[in-house]
Structure formats: structure tokens, C-alpha cells
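Below is one structure, written out as C-alpha cells; comments come after it.
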Ligand SMILES: [Zn+2]
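And the structure:
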């Protein structure tokens with residue numbers, strides 16, 4: 209199973225759709241991994257505009 213990152217919100221998924229955006233704009237060319245457990249308390253979540261917990265890619269090409 210290949211993990212891909214959403215180009216819109218950077219969420220990492222193993223499916224064919226982004227679970228958040230419901231789009232298929234996924235890329236397997238991503239780097240960095242950010243695990244957000246508590247978006248309200250996470251500085252990096254604020255910087256990246258993440259409002260839901262989950263696993264995100266730092267960079268998506
Ligand atoms: Zn998305």
C-alpha cells in the first residue's frame with residue numbers, strides 16, 4: 209500500500225481520495241512527515257493551517 213500526500217491540504221493517505229478534501233489530487237512525491245495530535249496546541253499546525261489531527265507531509269511536489 210502506497211502512501212500519498214494531498215496537494216491541497218498535505219494530509220497523508222493510503223486511499224485514492226484525500227479523506228479531508230475528497231479530491232484525487234494526491235502525489236507520491238512528498239517529503240517530511242508531521243504528526244499532528246492536537247492542532248490547537250501545535251505551532252507547526254498553525255503555520256501549515258492544519259485544523260484536524262492526522263499525518264501530514266511537509267512538502268508535496
Ligand atoms: Zn486534502
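In my numbering, the protein residues as written are 209 to 269.
Even for Gly, the Cβ is constructed at its ideal location relative to N, Cα and C.
Bear in mind that the values here come from a model prediction, so they are computed numbers and not experimental data.
- Proximity of the beta carbon of residue 219 to ligand 1 is indicated: a heavy atom of the ligand is located closer than 7 Å.
- With contacts defined as CB atoms closer than 8 Å, residue 211 and residue 229 fail to qualify as a contacting pair.
- CA-to-CA, the gap between residue 219 and residue 226 works out to about 7 Å.
- Classified as exposed, residue 245 has fewer than 16 neighbouring CB atoms from the shown chains inside 10 Å of its CB.
- Following the DSSP letters along the chain, one finds residue 242 in no alpha helix (DSSP H) but inside the beta strand (DSSP E) bounded by residues 238 to 244.
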